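So the sequence shown is numbered by numbering that gives the first Met the number 0: it starts at 0 and just counts up by one. Everything below concerns the one structure shown next.
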Amino acid sequence: MKNLHRSQLAWAALALALAAGSLIAQDGDSAARKPQLLAEALKARDEGNLQAAKSSFEAILAIDAKDVGATEGLASVNSAIAEAEAAKKAADAASAPKGDAPKADAPAVSADEAASNEKLFAQVSKVIEDARKKCAAGDHKAALEQLDVAAGALAENTTPAAQTLRDSISLAKQEARVARDAGGPSAAKDEVKRLARANSDSIGKQGDVVSSAESLIRQGTAESIDKALADLDAADRALGTASLSNAGLKDRIKEAKGSALARRALVAIEARDMIKATAVIAQYAELKGNDDARVIRLQKEFASKRNDPTYRNVDETSPGLRVKDDKVNELLVRGRARYLYGDYQGALDSYREVLQYQPNNSESKAYQIRIRQMLSENSGQWNRGVTKGKLLELLDETWKLPEVFNRENVKVDSANGNDPVIEKMKSIQLPEGFLVRDQPLDRALILLQTQAATYDKDQKGVNIVLIDTANKNPTVSLQLRNVSVYQALDYTCKRVGFSFTVGAGGIVEVREDTGDSLLETEIYPLSTAAVLKMTGLGAGGGAGAAAGGGAASPFGGAAAGGAGAGDGQRPEEVAIKNFLTRSGVAFELPATLSYDGTNLIVYQSRKNLDRVKNIIRRYSDIKQVHIEAKFMEVEQKILNELGVNWSLAPTLQTIGGVTSQVDPTATAKAATNLRSINSVFATNNSTVRSLNVTGLQPIPQPAPNFPGGINLGNTNQSYSANVGIIGAETLGLAIRAIEENAGSDLMSSPSLTVLDGKTAVIKVAQLLRYPQAYGDTQSNVGTSGGGGAGAGGPTTGAAVAITAGTPQDFTIQEVGVTLEVTPTVAADDSIALNLKPKVTEFEGFVEYGGTSVAISGGVTVSVPSGFFQPIFSTREVTTEVTVFDGATVVIGGLTREEVKTLDDKVPVLGSIPLIGAAFRSSGKSIQKKSLMVFVTANLVSPGGATLRSSHPGMRAGSTFSNPTLISPGGAVYREPVEVAAPSEPTPVVAEPAK
0 MKNLHRSQLA
10 WAALALALAA
20 GSLIAQDGDS
30 AARKPQLLAE
40 ALKARDEGNL
50 QAAKSSFEAI
60 LAIDAKDVGA
70 TEGLASVNSA
80 IAEAEAAKKA
90 ADAASAPKGD
100 APKADAPAVS
110 ADEAASNEKL
120 FAQVSKVIED
130 ARKKCAAGDH
140 KAALEQLDVA
150 AGALAENTTP
160 AAQTLRDSIS
170 LAKQEARVAR
180 DAGGPSAAKD
190 EVKRLARANS
200 DSIGKQGDVV
210 SSAESLIRQG
220 TAESIDKALA
230 DLDAADRALG
240 TASLSNAGLK
250 DRIKEAKGSA
260 LARRALVAIE
270 ARDMIKATAV
280 IAQYAELKGN
290 DDARVIRLQK
300 EFASKRNDPT
310 YRNVDETSPG
320 LRVKDDKVNE
330 LLVRGRARYL
340 YGDYQGALDS
350 YREVLQYQPN
360 NSESKAYQIR
370 IRQMLSENSG
380 QWNRGVTKGK
390 LLELLDETWK
400 LPEVFNRENV
410 KVDSANGNDP
420 VIEKMKSIQL
430 PEGFLVRDQP
440 LDRALILLQT
450 QAATYDKDQK
460 GVNIVLIDTA
470 NKNPTVSLQL
480 RNVSVYQALD
490 YTCKRVGFSF
500 TVGAGGIVEV
510 REDTGDSLLE
520 TEIYPLSTAA
530 VLKMTGLGAG
540 GGAGAAAGGG
550 AASPFGGAAA
560 GGAGAGDGQR
570 PEEVAIKNFL
580 TRSGVAFELP
590 ATLSYDGTNL
600 IVYQSRKNLD
610 RVKNIIRRYS
620 DIKQVHIEAK
630 FMEVEQKILN
640 ELGVNWSLAP
650 TLQTIGGVTS
660 QVDPTATAKA
670 ATNLRSINSV
680 FATNNSTVRS
690 LNVTGLQPIP
700 QPAPNFPGGI
710 NLGNTNQSYS
720 ANVGIIGAET
730 LGLAIRAIEE
740 NAGSDLMSSP
750 SLTVLDGKTA
760 VIKVAQLLRY
770 PQAYGDTQSN
780 VGTSGGGGAG
790 AGGPTTGAAV
800 AITAGTPQDF
810 TIQEVGVTLE
820 VTPTVAADDS
830 IALNLKPKVT
840 EFEGFVEYGG
850 TSVAISGGVT
860 VSVPSGFFQP
870 IFSTREVTTE
880 VTVFDGATVV
890 IGGLTREEVK
900 TLDDKVPVLG
910 SIPLIGAAFR
920 SSGKSIQKKS
930 LMVFVTANLV
940 SPGGATLRSS
950 HPGMRAGSTF
960 SNPTLISPGG
970 AVYREPVEVA
980 APSEPTPVVA
990 EPAK
């Protein structure tokens, strides 16, 4: 029934439209006659009936005065009539006698013009055909635009063929307009019927959409209701404005939308989404009106729930809390997963991030404590072990001697410091030479630029620009054979008094050579390395030099400190100015130079500015050298000694034929007295001197013992034994047998990194403080009488006071390794080194002076001198060498072998085979010592890696960094980053030719 009702309404609307169409049909009759009149006009004109054609065109204009086609057709017909009348007059004149006929020059058309017209007419015909096809396809607008273009192309052509084409264009336009306007009343009726059917179909389709939406509403979920509301809105928009045919469906849509909004509000309230409920209730009130009972009831329900805290949404009361909770849960899950799979650092990062959202999250803190304890117990210990192992491995590897790794003496190409563009111009040769005759300078430069691109192996050439503000553009003539582009440009500029420089981006700028008359200001960034090379002063040397008030300039001349103290100049500024002056840049007033610590501001002529820029470029290359000096010393001591001594001494006491002991105070009656190696070669083998006091014990005074030296076995004891009794004498035997092998290995390897031209010192040493002098020993002895015996009585007591010498004049000796080096890197990357490596070792003390003795009565007091002085051994080299990058050379060495032998024996007995060994004493002491000093120099980048060469695990120019970075939030671990290739250096101004 519903569909039948919609169809009846649609047909009623169609009937109304047909009635309206009959009212407009009368007005359409006049418009329908226009195509007919146009066809008659064109037919009459083609048949030559110009007057009939004129009448038809005028009839069309009477219907529509703005008809463009009729206006153009009438103009063409009038023109044809005029031409016909002119032709008739000409014919009449031709038939008259020649004497009476006036002369008239007939217009003649050239062959070129005729060919041009033929080509134009063909193109216009093609355009008309394309326009008809577009009109047939329904693209009336494009067809009309195309016909307008064709008519414009024939506007100036008055030939009959052009007129024929214009007529075709007019007819095509008229047909397109008629087709566009859909013709007469029959077409209008058809259109009305089509629209009625389309309207009926649309109503039926939207009715289905409303039914589907009602079904979604009954589901009662938020998603289904939102979908139903969207579908209802779309159906309402599709129906358009309310009409008789769609009024019922629109009412149905309104009722369904009201039901959907009411249900959606209740769903939002139950979901605690008060913001959504507020918006939906507002829409419901707008749809139904604020006075509607259902709206009022829904508003009351909403107000009661809104005042209930249990119905308030967390997103409303605490915006962002739900998002934070979701983020924290995600981070906690991620942290647990990372912990499970062993990514402890990643787990720490996740748990630390949790505290940014929830500072009191207990799980995050607990896991952080657990992970840090585990890393401290395991990883911390392993880190120490790994680092210790690496250092020990490095120590073992340092013992290796240098080897040959590059068997070719390949030098690095010398860098002359020129601009790469200048070098490129010098490398491009012109085999055919360069020839210009009476050419303006700009054309000569264009020719040179073309030839440079032709003969460049990269086919790029160079960019050369003439900057001639005075518009002189002088004429140049030049002929050169087999020259480079640089030479050709140099001599071309010289011929006309111009010069050239390389500007930004590597573009060669040619301008008039103004000499030193015009001054300009340029600012050049100046690195610390360049300042060091040019002046020898560091960044911190300015204050000291200024305070010195006249420190000598490193380049001679006036004192830098004196010049700077008066006018506030920095010492580096004065030194840089002196350097540039000696390099050929004259600073005559008003030319000036200023240095602010990072930038050099120069006010100079263009030529001198170019020189300054080129000099700074040569000195701004940062080069630093890693120097390693290696002292390798190996020492070995070997001692072999075997000696036998026999003695015959009196027996002290014999009881029952058994000897009790040998008399120690008796002198041996016989002894072999074979010497030991120590008694022969010892440096302090003099007889012990004693200070003897009558009736008192002796006080020995030995010579001082010096540490070090060859092993003589002076600390070893002999084996002594009594062999037997010969009468009243005891036969004794003393055997001295020693075999010792001792050695020491010393390797000191100080190393440091220093800037080119800068002196650096490294010290790894202990400071030993000792006195250089001692005061005198003070001795006071007092006496006292006893028992009233008087002055002449015996002495019964004494007071003795001895004060040892007091240490004075203390000095400090550095014990360890010291390296002082000054490298200078040459243009070919060879390195000249001024080296002063030194190794100082403490060997021990030696005591000078004798024992101090104080005697009083029967009391003797002896005090050692206590005058100790240290003994140091020093290995030092002072030399200057030149090495290649990465090369190792020997700069010093000492190989020493000392052998001491002893061969004593008892005559005759010592020569008896086998038995003779008991009557001999032999020994041999050998000391071998080898010391070598090596030095290795490597050019290193600011990142710590080698500058030129790559090695396994280290590419040239790599950057070494500490694996952990301490931040306010704790340790941050670095990740490997690939370093971008260094960019090309900014081209600098080259030296212009003079």
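Ideal Cβ placement from N, Cα and C applies to all residues, glycine included. Fair warning: this is a prediction, and the values are worked out from it, not measured in the lab.
- Following the DSSP letters along the chain, one finds R236 in no beta strand (DSSP E) but inside the alpha helix (DSSP H) bounded by residues A221 to L238.
- Taking 7 Å as the cut-off, the beta carbon of E315 is found closer than this to the beta carbon of M273.
- Where L286 is concerned, the enclosing alpha helix (DSSP H) starts and stops at M273 to K287.
- Each of G505, R383, L745 and T671 was checked against the Cα of D395, and the nearest Cα belongs to L745.
- At the C-beta level, V882 and I830 come within 7 Å of one another.
- Taking the CA atoms as reference points, A178 sits about 23 Å from G151.
- Our two residues, F120 and I62, have alpha carbons roughly 32 Å apart in a direct line.
- The beta carbons of A284 and A276 sit no closer together than 7 Å.
- The segment 630-645 makes contact with the segment 909-929: 3 or more CB pairs, one atom from each, lie closer than 8 Å.
- C-alpha of R510 to C-alpha of T474: approximately 14 Å in a straight line.
- A distance below 6 Å between beta-carbons, with the five flanking residues on each side excluded, links K304 to the following residues of its chain, in chain order: I268 and Y310.
- Burial is judged here by how many other beta carbons sit within 10 angstroms of a residue's own beta carbon; K287 has at least 16 and is buried.
- Counting C-beta atoms within 10 angstroms of its own C-beta, T821 has 16 or more neighbours from the protein chains shown and is therefore classed as buried.
- Between the beta-carbon of S619 and that of A529 there is about 5 Å, and that keeps the pair under the 8 Å contact cut.
- Taken in chain order, the whole alpha helix (DSSP H) runs of length 4 or more contained in the segment 418-444 are 419-426.
- Between N462 and L440, the C-beta spacing is not below 7 Å.
- Per DSSP, L153 has no beta bridge partner at all.
- Sequence-distant Cβ neighbours of A487 in its own chain, meaning closer than 7 Å and more than five residues away, are L429, F433, L447 and L479.
- Of A469, M424, N470 and V332, the smallest CA-CA separation from V482 is found for M424.
- Rounded to the nearest whole angstrom, the CA to CA distance from V880 to L893 is 19 Å.
- Sorting Q344, E376, A237 and I216 by C-alpha distance to the C-alpha of S201 places A237 at the top.
- Residue pairing by DSSP places D903 opposite S920 in a beta bridge.
- When C-alpha distances from L946 are compared across T887, G203 and I621, the shortest belongs to I621.
- Among the bridge pairs identified by DSSP, S244 is matched with none.
- The C-alpha of N359 is placed about 30 Å away from the C-alpha of D307.
- Taken in chain order, the complete beta strand (DSSP E) segments of 3 or more residues contained in the segment 466-540 are 474-479, 497-501, 507-511 and 518-524.
- Taking one beta carbon from each stretch, the segment 597-612 and the segment 517-529 have 3 or more pairs nearer than 8 Å; the two touch.
- With contacts defined by Cβ atoms closer than 7 Å, V353 and V327 form a contacting pair.
- Shown here, A255 sits in a helix according to DSSP, grouped into three states.
- Where Q298 is concerned, the enclosing alpha helix (DSSP H) starts and stops at A292 to R305.
- The C-alpha of Y490 is placed about 10 Å away from the C-alpha of G496.
- About 6 Å separates the CB atoms of F871 and T839; that is less than 8 Å, so the two are in contact.
- V633 is positioned such that its CB atom lies no closer than 7 Å to that of A917.
- T534 counts as buried, since no fewer than 16 other beta carbons sit within 10 angstroms of its beta carbon.
- From the listed residues A628, Y773 and N677, the smallest Cα separation to T752 is found for A628.
- Rounded to whole angstroms, the Cβ separation of A270 and A221 is 7 Å, and the two are in contact under 8 Å.
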